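In the numbering used here, the protein residues as written are 32 to 271.
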């Protein structure tokens, strides 16, 4: 039986080993080259989700994508699905006469918001709108020109676009971010009336106590003048 020389067998084995090495190397290169394309796909998908967040998506908060859905994490003093509502639990208010004072613990930055208010317990009540004008470092906003004397009002803080629409259409049902408050008597006016009444009362008392002098001054004057006139006549016609 013919046997292949040992050198030939070794040469053949070396060729087989080289072929095997080339095969596995090419497979590894293919796997490594496939990895970047997968990463690129995931990166593009992530960027497409983040593209759902725009500067106007969350009005007063930070926008995130969770499970391919947009989520807004609101800043303090704001709430709502898009952080569009002013959180009225974070504001304290007081009423002085016909003036309502709203105060925050820190500047709320209420640009683009308005007060909308109307009188309760009154049919066909008019809607009023006041734009909120506050500097970035201010804590207080005011609502004035309310009717004094324990008048109930509903005061709302809404986006100015919605506020314009509500006032234009008289659509009270669209107002959702509101509180109720009652005005008080205008104490300055009340004090002024009290002082005026007191002065009038004092004047009446003075006139009453000094009525004798007033009668002598105003009612006895014609008699005194008549007496002086007769005295002058007697002097003129007295025989010399």
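Idealized CB from N, CA, C, for every residue including glycine. Keep in mind that this is a model prediction, so the values were computed, not measured.
Is the Cβ-Cβ distance between residue 127 and residue 215 less than 9 Å? As a first step, residue 127 must be located in the chain shown, where it is residue number 96. As a first step, residue 215 must be located in the chain shown, where it is residue number 184. Closer than 9 Å, so yes.
Is residue 110 helix, strand or coil by DSSP? Within the chain shown, the letter at position 79 stands for residue 110. In the structure shown, residue 110 sits in a strand (DSSP, three-state: E or B).
Cβ-Cβ separation, residue 222 to residue 147 (assumed contact under 8 Å), whole Å: Here residue 147 corresponds to residue number 116 of the chain shown, with the count starting at 1. Here residue 222 corresponds to residue number 191 of the chain shown, with the count starting at 1. No, residue 147 and residue 222 are not in contact; Cβ-Cβ is about 32 Å, not under 8 Å.
From this set, 185, 134, 180, 153, which residue's C-alpha is nearest residue 168's C-alpha? Within the chain shown, residue 168 is the residue found at index 137, counting from 1. Selected option, being the one with the closest Cα: 134.
I'd like to check one pair, residue 177 with residue 130: are the Cβ atoms closer than 9 Å? Locating residue 130 in the chain shown gives position 99, counting from the first residue. Locating residue 177 in the chain shown gives position 146, counting from the first residue. Contact flag set, yes.
Ends of the alpha helix (DSSP H) at residue 130? The residue labelled residue 130 in the question sits at position 99 within the chain shown. Element bounds for residue 130: not the alpha helix (DSSP H) but the beta strand (DSSP E), 130 to 135.
Outcome for residue 213 when other beta-carbon atoms lying within 10 angstroms are tallied against a minimum of 16: The residue labelled residue 213 in the question sits at position 182 within the chain shown. That one is exposed.
Use the C-beta contact count for residue 239: other C-beta atoms within 10 angstroms, 16 or more gives buried, fewer gives exposed. On the chain shown, position 208 is the one that residue 239 refers to. Exposed is the call here.
Are the Cβ atoms of residue 188 and residue 151 separated by less than 9 Å? Mapped onto the chain shown, residue 188 falls at position 157. Mapped onto the chain shown, residue 151 falls at position 120. No. Outside cutoff.
Span of the beta strand (DSSP E) holding residue 93? Here residue 93 refers to the residue found at position 62 when the chain shown is read from its first residue. Run containing residue 93: 92 to 97, per the beta strand (DSSP E) assignment.
Is the CB-CB distance between residue 173 and residue 201 below 9 Å? What you label residue 173 is simply residue 142 of the chain shown in a count that begins at 1. What you label residue 201 is simply residue 170 of the chain shown in a count that begins at 1. Result no, Cβ atoms of residue 173 and residue 201 do not sit closer than 9 Å.
Beta-ladder partner(s) of residue 160, from DSSP: On the chain shown, residue 160 is found 129 positions in, with the first residue counted as 1. Answer by DSSP bridge pairing, in chain order: 147.
Quick one: using the 10 Å Cβ neighbour count with 16 as the cut-off for buried, is residue 206 buried or exposed? The residue you call residue 206 lines up with position 175 of the chain shown. Residue 206 should be labelled buried.
Which residue wins for smallest C-alpha separation from residue 211, given the options 175, 230, 184, 226? As a working mapping, residue 211 is identified with position 180 in the chain shown. Nearest C-alpha to residue 211: 184.
C-alpha distance - residue 170 paired with residue 139, whole-angstrom precision: If you number the chain shown from 1, residue 170 lands on position 139. If you number the chain shown from 1, residue 139 lands on position 108. Going by the C-alpha atoms only, they are around 7 Å apart.
Do the CB positions of residue 84 and residue 105 come within less than 9 Å of each other? Stepping through the chain shown from its first residue, residue 84 is reached at position 53. Stepping through the chain shown from its first residue, residue 105 is reached at position 74. Their beta carbons are not under 9 Å apart, which means residue 84 does not touch residue 105 by this criterion.
Helix, strand or coil for residue 181? Go by DSSP, reduced to three states. Counting from one through the chain shown, the residue named residue 181 turns up at place 150. Three-state DSSP puts residue 181 in coil, outside helix and strand.
Mapping DSSP to helix, strand and coil, what is residue 204? Taking the first residue of the chain shown as position 1, residue 204 is located at position 173. Note: residue 204 maps to helix in three-state DSSP.
Checking 9 Å against the spacing of the C-beta atoms, do residue 115 and residue 190 come in under that value? The residue you call residue 115 lines up with position 84 of the chain shown. The residue you call residue 190 lines up with position 159 of the chain shown. Taking 9 Å as the Cβ cut-off, residue 115 and residue 190 qualify as a contacting pair.
Buried or exposed for residue 109, please, with buried defined as at least 16 other CB atoms from any protein chain shown within 10 angstroms of its CB. In the chain shown, residue 109 corresponds to position 78, counting from 1. The residue in question, residue 109, is buried, as its Cβ has 16 or more Cβ neighbours within 10 Å.
Rounding to the nearest angstrom, what Cα-Cα distance links residue 143 and residue 180 in this structure? Residue 143 sits at position 112 when you count from the first residue of the chain shown. Residue 180 sits at position 149 when you count from the first residue of the chain shown. Taking the straight line from one Cα to the other gives about 31 Å.
Please go through the same chain and pick out, in chain order, the residues whose beta-carbon is closer than 6 Å to the beta-carbon of residue 95, but skip the five residues on each side of it. Counting from 1 along the chain shown, the entry for residue 95 is found at position 64. So the qualifying residues of the chain are 102.
Report all residues from its chain with a CB closer than 6 Å to the CB of residue 93; omit the five preceding and five following residues, and keep chain order. Your numbering for residue 93 matches position 62 in the chain shown. Same-chain partners within the cutoff: 104.
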